[in-house]
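Asker: Questions regarding the structure given below will be posed in turn.
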Amino acid sequence: MERAGLLAPFPPRAQATARVCMVSSFTTELLEIKSREPPSLHVLVIPGNPGIVGFYKDFVEALYENLGGQASVTAIGHISHAQKDYERGRLFSLREQIDHKVDFLEQELLHTEQSILLVGHSIGAYIGLEIFKRLQKKVNFFVGLYPFLSLNKSSMKQSSIGYIARSSLLSKGVSLLVSFIGSLQPSVTRNIVRRFLGSSWSAAAVDAGCSHLLQYHTMQNVLFMAKTEFLKLHEEPDWNFIRAKQDEIAFLFGLDDHWGPLTHMEEISKYAPGVALSIEKEGHTHSYCCTEAGSFWVADYVANLIKNKMLIGDS
C-alpha cells in the first residue's frame, strides 16, 4: 500500500480555457487561466505573427503553474488570426492590432486592482512596448521574448517574407495554397504541418496550425500585418522611452534568431544599460511556444523574473 502511494500520479496541470469576446466590435480569441485566489497580478501574453493563441497553450499553462496559481494569465489573439473569418475578409495593420490590445486592457483590466505585466513575443514585443507607452500608470513590467523590434537587413528570410507581403498577387497565391492544404483530410493536413512546419511541434501547436493558420483569411492577415511591420520597423526603437522605463523592462534573446539578433541586444545595452537582458542558450528557437520544451523553459524564465522583481510572492 505504501508503494502504491509513492506511485500516485501528479495532479493534472491546470488547463487554459478558450474564450471569445468582443473588443471594440472585433471578435477576439483569448486563452486564459484565472488565479485560484483574487489575483494581485494579471499577465497578458501578446503573440507574434501569426497571432494565434493556440500556439501559446503550453506556455500559458506552464507560466501559471510556475507562478503557483497566484496570477491570472491571458493570451490575446490578433484580430482575424482566427479559425473563423469573423471580420469578413478585412485586413488589419500592425497599428490596428496595437490599438486592439489597448482597447482590450481598457475594457477588461484597467478598472481592476490588479497590476498588469505584459509578455510580448517577437512582434508582440514591439506591440507590448507601444501598449506600455500608452498605459504607463497601469502596466508594472514588460518582458520581450525573442523580440522583433527593428529590421534585420542581413536576414534573407525577412527579405523573402517582405517581398511576398508587398505583392498582393503573391500574398493571395500563398493564402490560396495554405487554405487548399487546410481543406484536405485532417490526417493529411496534420502530416503536412508536421513535415513542413514543425516536426518537433507540440500537439497543441499542430492543432492550432491546422485549425487557424491554414485559413485564407488568416494567412492574408498574417502577410498584410507583416507588410505593415516591415514599413514601421524601418524606424529606430523609441530609445527615450526604453531608457526612461529601463528598470521595468526585460528582454530574452536567442542565440541564432534572425528576428531578434544579438546585435539588437547590444544596441539595447548601449542605449538603455539598465534593461535586464538575457540570452537563451538551451537550443530553443524563435518559435519556442510551438514546442513543449521551449514553452516550459521560457515560462520558467518569465516566472523567475517575476519573482525576482517581487511582483508576486514565492509559492
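Position one of the sequence shown corresponds to residue -15 (our numbering), numbered consecutively onward.
We treat Cβ as the ideally placed atom computed from N, Cα and C, and that holds for glycine.
Count the other C-beta atoms from every protein chain shown that fall within 10 angstroms of the C-beta of S159, then say buried if there are 16 or more, exposed otherwise.
Answerer: Flag for S159 reads buried.
Asker: Cutting at 7 Å between CB atoms, please list the residues of its own chain near P221, excluding the five before and the five after it.
Answerer: Contacts found: L133, S134.
Asker: Would you kindly check if the distance between the Cβ of D69 and the Cβ of H201 is under 7 Å?
Answerer: Yes, these two residues count as a Cβ contact at 7 Å.
Asker: Excluding the 5 residues preceding and the 5 following L47 in the sequence, name in chain order all residues of the same chain whose CB lies nearer than 7 Å to its CB.
Answerer: Hits under 7 Å: V27, V57, A283, V286, A287.
Asker: Taking all protein chains shown into account, do 16 or more other C-beta atoms lie within 10 angstroms of the C-beta of F164, making it buried, or fewer, making it exposed?
Answerer: It is exposed - the Cβ of F164 has fewer than 16 other Cβ atoms within 10 Å.
Asker: Helix, strand or coil for F(-6), going by three-state DSSP, please let me know.
Answerer: For F(-6), the predicted model reports a pLDDT of 47, less than 50, meaning its position is unreliable; a value from the coordinates is still stated below. Coil, per DSSP.
Asker: Grouping DSSP H, G and I as helix and E and B as strand, with all else coil, what is A(-12)?
Answerer: Confidence at A(-12) is low in this model, with a pLDDT of 39, below 50, so its placement is unreliable and the value that follows should be read with caution. Helix at A(-12).
Asker: Quick check on this structure: which residue in G73, Q(-1), E90, P34 has the alpha carbon closest to the alpha carbon of G53?
Answerer: Answer by Cα proximity: Q(-1).
Asker: Cα separation between D83 and V127?
Answerer: If you take the alpha carbons of D83 and V127, they lie about 19 Å apart.
Asker: Tell me the rounded alpha-carbon separation between D231 and A2.
Answerer: Approximately 33 Å, taken between the alpha carbons.
Asker: Thinking C-beta only, is S186 closer than 7 Å to T275?
Answerer: Cβ atoms of T275 and S186: closer than 7 Å.
Asker: Measure the alpha-carbon distance for V44 versus E16 and round it to whole angstroms.
Answerer: Those two C-alpha atoms are separated by around 7 Å.
Asker: Any chance you could list the alpha helix (DSSP H) runs of at least 4 consecutive residues sitting entirely within the stretch 180 to 246, in chain order?
Answerer: The stretch 180 to 246 contains these whole alpha helix (DSSP H) runs: 187 to 192, 200 to 216, 223 to 228.
Asker: At a cut of 8 Å, does the stretch 188 to 200 reach the stretch 63 to 80 through at least three beta carbon pairs?
Answerer: The stretch 188 to 200, when compared against the stretch 63 to 80, does touch it at the 8 Å Cβ threshold.
Asker: Between which two residues does the beta strand (DSSP E) containing M6 stretch?
Answerer: Its beta strand (DSSP E) spans residues 1 to 7.
Asker: In terms of DSSP beta bridges, what is I30 paired with?
Answerer: DSSP lists G104 as partners of I30.
Asker: CA-CA distance, P22 and L94?
Answerer: Cα to Cα, the separation comes out at about 16 Å.
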